[in-house]
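Engineer: In our numbering, the protein residues as written are 25 to 261.
The beta carbon of each residue, even a glycine, is placed where N, CA and C say it ideally should be.
Rendered as structure tokens:
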């Protein structure tokens, strides 16, 4: 299982939200590329970036920082947050980003998702953010009509290869992750499943690795020191 340490960007800084709430934001660094370099030094091969301003407002407000992060390491970089047009997808891929994650757009604009998958194949992933059993959109502010597993089935049929699934109730809360959800996803679907939200101990990493998941994202637990990234990477292997 691949460990994806995460950088959430807001106003060109590395921050974390509590359960997706923009009013509960902690700034961890004003130098995101230095954090990416620390990830690499700890043995990471992949990283996960979220543009929180993009997620809320659309566009690429942190594109220059994203480019700087990509240039500062040799890590595989995936990014999500506000990617709602082919122009934005093109901009990130042109900047050397390895995989682009569609969230709200995958829910609301099926034609765009199909076009993106057709154009870029496995460079396109979908983020399924789950709130009370349904997929949430627009920076987790709204709940869509899609039930979690129905949505995942649809994504697989469209040809999406990688699905990043976040249990919003667990995100940033440091209370452990939703193992049952990921167990069900890994059994039901043939996509590469990435667990996200609440991965807060090495024990969590061990449990997720035992489910044969493709990856797990570590966010707040890294910044608070609750997880040693080096140890998590070893355990995930």
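#1: Along the chain, where does the beta strand (DSSP E) containing residue 78 start, and where does it finish?
#2: Nearest by alpha-carbon distance to residue 210: which of 161, 114, 158 and 189 is it?
#3: Here's a check: name, in chain order, each residue in its chain whose Cβ is nearer than 6 Å to the Cβ of residue 35, leaving out the five neighbours to either side.
#4: What does residue 216 pair with, by DSSP beta-bridge criteria?
#5: Output the distance between the C-alpha atoms of residue 31 and residue 89, rounded to the nearest integer angstrom.
#6: Around the Cβ of residue 51, are there at least 16 other Cβ atoms within 10 angstroms (buried) or fewer (exposed)?
#7: Can you check whether the CB of residue 172 is closer than 9 Å to the CB of residue 154?
#8: Taking the continuous beta strand (DSSP E) assigned at residue 155, which residues delimit it?
#9: Quick one: what's residue 39 bridged to in DSSP?
#10: Provide the residue(s) that pair with residue 240 in DSSP beta bridges, ordered along the chain.
#11: Closest to residue 130 by CA distance: which of 39, 110 and 25 is it?
#12: Does the distance from the CB of residue 64 to the CB of residue 87 come in under 9 Å?
#13: If I'm right that residue 226 touches residue 255 with Cβ under 8 Å, what's the distance once you round it to whole angstroms?
#14: Considering just the uninterrupted stretch of the alpha helix (DSSP H) at residue 232, what are its terminal residues?
#15: Let's see if you can read the secondary structure: which residues bound the beta strand (DSSP E) around residue 167?
#16: Sorry if obvious, but does the Cβ on residue 147 come closer than 8 Å to a heavy atom of the ligand HEM?
#17: Keeping to the same chain, check which residues put their C-beta closer than 7 Å to that of residue 105; ignore five residues upstream and five downstream.
#18: Smallest Cα separation from residue 108: which of 134, 159 and 245?
#19: Excluding five sequence neighbours on each side, which residues of the same chain lie with their C-beta closer than 6 Å to the C-beta of residue 140?
#20: So what does DSSP say about residue 160, is it helix, strand or coil?
#21: Check each candidate in 181, 45 and 38 and name the one with the smallest Cα separation from residue 267.
#22: Where DSSP assigns a beta bridge to residue 103, which residues make up the other side?
#23: Hey, residue 221 and residue 191: beta-carbon distance below 9 Å or not?
#24: Buried or exposed for residue 212, going by 16 or more other Cβ atoms inside 10 Å?
Structural biologist: Based on what the coordinates show:
#1: By one-based count along the chain shown, residue 78 stands at place 54. Taken as a continuous stretch (DSSP letters only), residue 78 belongs to no beta strand (DSSP E), being part of the alpha helix (DSSP H) at 76-81.
#2: Sequence index remark: in the chain shown, residue 210 carries index 186 (1-based). Closest by alpha carbon: 189.
#3: As a first step, residue 35 must be located in the chain shown, where it is residue number 11. Excluding positions up to five away in sequence, the list is empty.
#4: Mapped onto the chain shown, residue 216 falls at position 192. Answer is 186.
#5: The residue given as residue 31 occupies position 7 in the chain shown. The residue given as residue 89 occupies position 65 in the chain shown. Their backbone Cα atoms lie some 11 Å apart in a straight line.
#6: Within the chain shown, the letter at position 27 stands for residue 51. Residue 51 should be labelled exposed.
#7: For the purposes of this step, residue 154 is taken as residue 130 along the chain shown, with counting starting at 1. For the purposes of this step, residue 172 is taken as residue 148 along the chain shown, with counting starting at 1. Yes, the Cβ-Cβ distance between residue 154 and residue 172 is below 9 Å.
#8: Taking the chain shown and counting its residues from 1, one reaches residue 155 at position 131. Residues 148-155.
#9: Mapped onto the chain shown, residue 39 falls at position 15. In the DSSP output, where bridge partners are listed per residue, residue 39 has 32 and 51.
#10: Looking up residue 240 in the chain shown gives position 216. Bridge partners of residue 240: 27 and 219.
#11: As a first step, residue 130 must be located in the chain shown, where it is residue number 106. Ranking 39, 110 and 25 by Cα distance to residue 130 puts 110 first.
#12: As a first step, residue 64 must be located in the chain shown, where it is residue number 40. As a first step, residue 87 must be located in the chain shown, where it is residue number 63. By the CB criterion at 9 Å, residue 64 and residue 87 fall outside the cutoff.
#13: Locating residue 226 in the chain shown gives position 202, counting from the first residue. Locating residue 255 in the chain shown gives position 231, counting from the first residue. Right, the Cβ-Cβ distance comes to about 6 Å (below 8 Å), so this counts as a contact.
#14: As a position in the chain shown, residue 232 is number 208, starting the count at 1. Looking at the DSSP string, the run of the alpha helix (DSSP H) that includes residue 232 is 226-233.
#15: On the chain shown, residue 167 is found 143 positions in, with the first residue counted as 1. 166-171 is the span of the beta strand (DSSP E), which, as asked, contains residue 167.
#16: For the structure depicted, the ligand HEM is absent and the ligand set is empty, with no information on it obtainable.
#17: Residue numbering aside, residue 105 sits at position 81 when the chain shown is read from its first letter. Closer than 7 Å at Cβ, skipping near neighbours: 74, 75, 76, 78 and 79.
#18: As a working note, residue 108 is residue 84 in the chain shown. For the residues 134, 159 and 245, the minimum Cα distance to residue 108 belongs to 134.
#19: Mapped onto the chain shown, residue 140 falls at position 116. For residue 140, where only same-chain residues beyond five positions count, the Cβ hits under 6 Å are 113 and 148.
#20: As a first step, residue 160 is located in the chain shown; it is residue number 136 there, counting from the start. In this structure, residue 160 counts as strand in the three-state DSSP scheme.
#21: Given that the chain is displayed from residue 25 to residue 261, the structure contains no residue 267 and the question cannot be resolved.
#22: For the purposes of this step, residue 103 is identified with residue 79 of the chain shown, where counting begins at 1. DSSP output for residue 103 lists 73 and 124 as bridge partner(s).
#23: The count along the chain shown starts at 1 and reaches residue 221 at position 197. The count along the chain shown starts at 1 and reaches residue 191 at position 167. Yes, they are a contact pair.
#24: Taking the chain shown and counting its residues from 1, one reaches residue 212 at position 188. Exposed is the call here.
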